[in-house]
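Below: one structure, written as structure tokens.
There are 2 protein chains.
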Amino acid sequence: MIKKRIAVDMDEVMADSISRFQEWYGRDFQLELTLDTLRGKSPHEAVAPEHQPALRAYPNAEGFFRDLPVIADSQRVLQALSERYEIFVATAAMEFPNSFLDKYRWLEQHFPFISWRNFVFCGDKSILNADYLIDDNAYNFDNFRGEGLLFDAPHNAHDTRHRRVHNWQELGDILL
Amino acid sequence: MIKKRIAVDMDEVMADSISRFQEWYGRDFQLELTLDTLRGKSPHEAVAPEHQPALRAYPNAEGFFRDLPVIADSQRVLQALSERYEIFVATAAMEFPNSFLDKYRWLEQHFPFISWRNFVFCGDKSILNADYLIDDNAYNFDNFRGEGLLFDAPHNAHDTRHRRVHNWQELGDILL
């Protein structure tokens, strides 16, 4: 039997990059970046205009993607999914070239059951030949050939066009 | 009209990595690695057993992919193809994590008309959703959903299972 294939985004789906924004924003400006202020917005849109350039620059700074916390239940559910599906990790890393090695090592460390052969660092995700794409950015579904599953995140709170999944437990219920 | 999509491999198709093997082999062992000895073989298979570990290690060494010469006519023909097709660059960079930044910067420098959104660093190329794949490694065509075009290289000299193209001029004749 040919396994169906799931492509999984990294940031905000496997790796908690919002916590890094919160940490660095607190470090640099002594202010709190709450999940509430992030609703419907990118991190830089959620702060004062004079802080926006700093937040835009964070993802390209050394270490931003290093040691990010793992999103709850993603390891357990992806491990179970990998028995029934081919799992590819697909991250828009090309936007942040300094992130390449950190992202690679993070995946090796936290998801050792996914082969490096199944890592995809890309930009436009319409290049993915997969049956499902789990992603927190709805624009990645626009020309995707399979079915998009929108992983809940503060910034996509107002999107109503796609099937929303709230956490990995729910993804397991749907796909297993 | 929707443009068809071409995925293009980097090494030995856009970038001349054989010249780097020849250069470093000469530097380290004062021996010549001729194109003739490379027929039907990977570089490490073409040298004495005691030199094989060194050649296997080269692609993961600092600078291996930096400043590689551009394969003849690839810029001109890809520029012309990009008018009629969507062009994606798809390289199995995951095998050599230290190559990521060098490959990214090389593409930016030599192929500025291809957006970083269309760069794909991957392992298993069956993840590509494209109509054509131009590649020197026939195994990349095995589960590829489109048509493979085998770009002529010494190591693939004995492959007869795929349509062979000898150079970029010929690719232009076929695809334009």
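If you're matching them up, the sequences are chains A and B in order. The first sequence: position 109 = 109 (my numbering), numbered continuously. Just so we're on the same page, my numbering is the position in the second sequence counted from 1, plus 176. Note that CB positions come from ideal geometry on N, CA and C, so glycine has one too. Please read these numbers as outputs of a predicted model, since none were measured by experiment.
Secondary structure of residue i, DSSP reduced to three states
i         : result
Lys217(B) : coil
Glu83(A)  : helix
Glu50(A)  : helix
Gly148(A) : strand
Val253(B) : helix
Ile174(A) : helix
Arg27(A)  : helix
Arg66(A)  : coil
Arg340(B) : strand
Glu32(A)  : coil
Asp335(B) : coil
Asn319(B) : coil
Pro97(A)  : helix
Ala61(A)  : coil
Pro288(B) : coil
Sub-7 Å separation of residue i and residue j beta-carbons
i         : j         : result
Asp249(B) : Gln345(B) : yes
Leu309(B) : Gly324(B) : yes
Leu326(B) : Val253(B) : no
Asp311(B) : Asp204(B) : no
Val70(A)  : His110(A) : yes
Ala314(B) : His331(B) : no
Phe100(A) : Met270(B) : no
Arg117(A) : Gly216(B) : no
Trp106(A) : Tyr58(A)  : no
Asp278(B) : Arg242(B) : yes
Any non-hydrogen atom of the ligand PLP within 6 Å of residue i CB
i         : result
Val341(B) : Only the bare structure without any ligand can be found here, which leaves the ligand PLP out of the picture.
Opposing strand residues paired with residue i [DSSP bridges]
i         : result
Lys4(A)   : Tyr85(A)
Thr267(B) : Phe297(B)
Leu304(B) : Leu128(A)
Ile134(A) : Val8(A) and Leu149(A)
Ala15(A)  : Asp11(A) and Val70(A)
Burial state of residue i, where buried means 16 or more other Cβ atoms lie within 10 Å
i         : result
Ala48(A)  : exposed
Asp212(B) : exposed
Met177(B) : exposed
Ile182(B) : buried
Phe289(B) : exposed
Pro229(B) : exposed
Leu31(A)  : exposed
Thr91(A)  : buried
Listed from N- to C-terminal order along the chain, which residues in the region 124-142 of chain A have their beta-carbon within a distance smaller than 9 Å of any beta-carbon of chain B?
Within the region 124-142 of chain A, Asp124, Ser126, Ile127, Leu128, Asn129 and Ala130 place their CB atoms closer than 9 Å to a CB of chain B, listed in sequence order.
Please identify, using Cβ separations under 8 Å, the residues of the region 286-299 of chain B that lie next to chain A, in order along the chain.
Ser291, Trp292, Arg293, Asn294, Phe295, Val296, Phe297, Cys298 and Gly299
For the region 250-284 of chain B, which residues have a CB atom closer than 7 Å to at least one CB atom of chain A, in sequence order?
Listed by position, the residues of the region 250-284 of chain B near chain A (Cβ gap below 7 Å) are Phe264, Met270, Pro273, Phe276, Leu277 and Tyr280.
Mind checking the region 26-52 of chain A against chain B and listing, in chain order, the residues whose C-beta falls within less than 8 Å of any C-beta there?
Correct list: empty, as no residue qualifies.
Between the region 319-332 of chain B and chain A, which residues of the former have CB atoms less than 8 Å from a CB of the latter, in chain order?
Arg321
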